[in-house]
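Student:
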Amino acid sequence: MQSYTVYLTRNIPDRRDFVNITDEVADAVRDSGICEGLCLVNAMHITASVFVNDDEPGLHADYKRWLEKLAPHDPSPQAYQHNRTGEDNDGRSPHAADHGARGGGCGHRRQARLRPLGALFYGELDGRRPKRVLVKVIGE
Amino acid sequence: MQSYTVYLTRNIPDRRDFVNITDEVADAVRDSGICEGLCLVNAMHITASVFVNDDEPGLHADYKRWLEKLAPHDPSPQAYQHNRTGEDNDGRSPHAADHGARGGGCGHRRQARLRPLGALFYGELDGRRPKRVLVKVIGE
Amino acid sequence: MQSYTVYLTRNIPDRRDFVNITDEVADAVRDSGICEGLCLVNAMHITASVFVNDDEPGLHADYKRWLEKLAPHDPSPQAYQHNRTGEDNDGRSPHAADHGARGGGCGHRRQARLRPLGALFYGELDGRRPKRVLVKVIGE
Chain A
943 MQSYTVYLTR NIPDRRDFVN ITDEVADAVR DSGICEGLCL VNAMHITASV FVNDDEPGLH
1003 ADYKRWLEKL APHDPSPQAY QHNRTGEDND GRSPHAADHG ARGGGCGHRR QARLRPLGAL
1063 FYGELDGRRP KRVLVKVIGE
Chain B
943 MQSYTVYLTR NIPDRRDFVN ITDEVADAVR DSGICEGLCL VNAMHITASV FVNDDEPGLH
1003 ADYKRWLEKL APHDPSPQAY QHNRTGEDND GRSPHAADHG ARGGGCGHRR QARLRPLGAL
1063 FYGELDGRRP KRVLVKVIGE
Chain C
943 MQSYTVYLTR NIPDRRDFVN ITDEVADAVR DSGICEGLCL VNAMHITASV FVNDDEPGLH
1003 ADYKRWLEKL APHDPSPQAY QHNRTGEDND GRSPHAADHG ARGGGCGHRR QARLRPLGAL
1063 FYGELDGRRP KRVLVKVIGE
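Chains as they are written, first to last, in the numbering used here: chain A, 943 to 1082; chain B, 943 to 1082; chain C, 943 to 1082.
1) How is C/Asp-959 classed by DSSP in three states: helix, strand or coil?
2) Look up B/Ala-990 in the DSSP assignment and say whether it is helix, strand or coil.
3) Examine chain E for any beta-carbon lying closer than 7 Å to the beta-carbon of B/Gln-1023, and answer yes or no.
4) Whole angstroms is fine: what's the gap from C/Ala-1149's alpha carbon to C/Gln-944's?
5) Report yes or no: do three or more beta-carbon pairs, one from the segment 1059–1079 of chain B and one from the segment 947–955 of chain C, lie closer than 8 Å?
6) By a C-beta neighbour count over all protein chains shown, 10 Å radius and 16 as the cutoff for buried, is A/Tyr-1064 buried or exposed?
7) Taking only beta-carbon positions, decide if A/Ile-988 is within less than 7 Å of chain C.
8) Which word fits A/Glu-1010, buried or exposed, when buried means at least 16 other C-beta atoms lie within 10 angstroms of its C-beta?
9) For the beta strand (DSSP E) containing C/Ala-1061, list its first residue and its last residue.
10) Rank A/Pro-1017, A/Pro-1072 and A/Ala-1013 by C-alpha distance to the C-alpha of C/Trp-1008 and give the top, closest one.
11) Is the separation between the beta-carbon of A/Arg-957 and that of A/Gly-1028 shorter than 7 Å?
12) Do we get a CB-CB distance below 7 Å when we pair A/Asn-995 with the residues of chain B?
13) Alpha carbon to alpha carbon, how far is B/Thr-964 from B/Phe-993?
14) Which word fits C/Gly-979, buried or exposed, when buried means at least 16 other C-beta atoms lie within 10 angstroms of its C-beta?
15) Just the C-alpha distance for B/Tyr-988 and A/Ala-990, rounded to the nearest angstrom, thanks.
16) Would you list the residues sitting across from B/Ala-985 in a DSSP beta bridge?
17) Can A/Arg-1071 and A/Met-986 be called in contact, C-beta distance under 7 Å?
18) Measuring only the C-alpha atoms, how far is B/Tyr-949 from A/Asp-1016?
19) From the DSSP secondary-structure annotation, give me the bridge partner or partners of C/Leu-1009.
20) For A/Ser-921, which of helix, strand or coil comes out of DSSP?
21) Determine the chain C residues that contact A/Ala-1013 at a beta-carbon separation under 7 Å, and present them in chain order.
22) Tell me the DSSP secondary structure of B/Gln-1023 in three-state form.
23) Which of helix, strand or coil does DSSP assign to A/Gly-1000?
24) Compare the C-beta of C/Leu-1001 with all C-beta atoms of chain A and state if any pair is closer than 7 Å.
25) Residues of chain A with a CB under 7 Å from the CB of C/Glu-998: which are they?
26) How is B/Thr-951 classed by DSSP in three states: helix, strand or coil?
27) Are there 16 or more other CB atoms within 10 angstroms of the CB of B/Ser-1018, so buried, or fewer, so exposed?
28) Interface residues of chain B around A/Gly-979 at Cβ under 8 Å?
29) Using a Cβ-Cβ cut-off of 7 Å, state whether C/Gly-1065 counts as contacting chain A.
30) Flag C/Gly-1042 as yes if its beta-carbon sits less than 7 Å from any beta-carbon of chain B, otherwise no.
31) According to DSSP, which residues form a beta bridge with C/Gly-1081?
32) Among C/Asp-959, C/Leu-1067, C/Val-967 and C/Thr-947, which has the Cα closest to the Cα of C/Leu-1001?
33) Measure the Cβ-Cβ separation of A/Ser-974 and A/Tyr-946 and say whether it is below 7 Å.
34) Please classify A/Asp-996 as buried or exposed, where buried requires at least 16 other C-beta atoms within 10 Å of its C-beta.
As structure tokens, this is what we get:
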């Protein structure tokens, strides 16, 4: 069994945004030399997420609006008890948190498996500071 | 390390439905010959999901109603900007998307680990066309 | 490839509660002797979950309130068809279900990777009976 790990770092200027990281993850899989296995892509912060979807701006706008409706931002301690700690991120982001463990592969085979899924995104939910994404490839 | 991959294909006549795929996944684990490892079951489309729950019709009816309340279907471009692309699936399904990475095993041991979890389902959220589910077993 | 499996058991006196299981999972990783790989932590019940977040009581109170708003508890068969089976857990919990597959490691390296993520929790959604969490470490 082989293993290969890299970290991607993102410093998103907005509080919330979605950034396409497909190419960097594909590079990691290629650099790993692993032909058959799994690639785990995981945000290293509780106020961030990783998800798969189309790279379409309207969809991302829908996401932001839908998340705001589902868990409205409100820094007051009345809205979220978690804000009494001095944090103002509402503890909201884990609701949207996800991580991607996908089947890997080699060369064209790997790409064929990603294609119908769309693109891989880093979802920032409390930005304005550097944050990391773990990319770990395991297999042979 | 050994690896074994199969794809299940489903063409669901309705837009939304939930289909029990437990037996086919169990067959894949058995056919893999792998006794100890992980089985990744992952929908290869952003408008589909995989989840674990009881095989109980009332529960599935509750799911459909709850999802409709959480993210109502509305093909108009006013409701979801994503619909301006000509798609009418609202970009809703990823909200419910999940994937199952479960500990595998051999023979009775494997079954014992699945049993308390209920059954494994393919959750269709934009059907009426053939779609695929990746089943990948990794281990020894 | 090596594999190491343990089960944690919890009998939570309340219907819903969140319990920090970070130390027990870290113990399992250490006991496995595996330096590089994955650790799968998975609730063995459909009315339970595993998630990563801060160990902060206000946040947990927010969770409980937010989940109640998202999928209110109501044991009547009018509220949820699933309740007609005689169960009163509403089929709610899967909405919050998650599982954690994290990159493992050895000694200080492993801890360094968990630290920015906060703590690992067992999320009970239908307690008052013994339930199990699978902890499976795979790697080398």
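The C-beta atom is built at its ideal place from N, Cα and C for all residues, glycine as well. It should be emphasised that the depicted structure is a prediction, and the values quoted were computed from it without experimental measurement.
Tutor: Checking against the coordinates, here is how it stands:
1) strand
2) strand
3) The structure shown contains no chain E; its protein chains are A, B and C.
4) Residue 1149 of chain C cannot be examined here, being either before or after the span of chain C that is shown, 943 to 1082.
5) no
6) buried
7) yes
8) exposed
9) 1061–1066
10) A/Ala-1013
11) Taking the C-beta atoms as reference points, A/Gly-1028 is found no nearer than 7 Å to A/Arg-957.
12) yes
13) 11 Å
14) buried
15) First, the amino acid is wrong: residue 988 of chain B is Ile here, not Tyr. Looking at the two C-alpha atoms, the distance is approximately 20 Å.
16) B/Val-1075
17) no
18) 44 Å
19) Answer is none; C/Leu-1009 lacks a bridge partner.
20) The requested residue 921 of chain A is not part of the displayed model; chain A covers only 943 to 1082.
21) Counting only Cβ-Cβ distances below 7 Å, A/Ala-1013 has contacts in chain C at Trp-1008, in chain order.
22) helix
23) helix
24) Yes, its Cβ sits closer than 7 Å to a Cβ of chain A.
25) His-1024 and Thr-1027
26) In this structure, B/Thr-951 counts as strand in the three-state DSSP scheme.
27) Here B/Ser-1018 is exposed. Its C-beta has fewer than 16 other C-beta atoms within 10 Å.
28) Met-943, Ser-945 and Ile-1080
29) no
30) Caution applies to C/Gly-1042, whose pLDDT of 41 falls short of 50 and renders its modelled position unreliable; the model cannot decide the point.
31) C/Gln-944 and C/Gly-979
32) Here the closest residue by C-alpha is C/Asp-959.
33) In this structure, A/Tyr-946 lies closer than 7 Å to A/Ser-974 by Cβ.
34) buried
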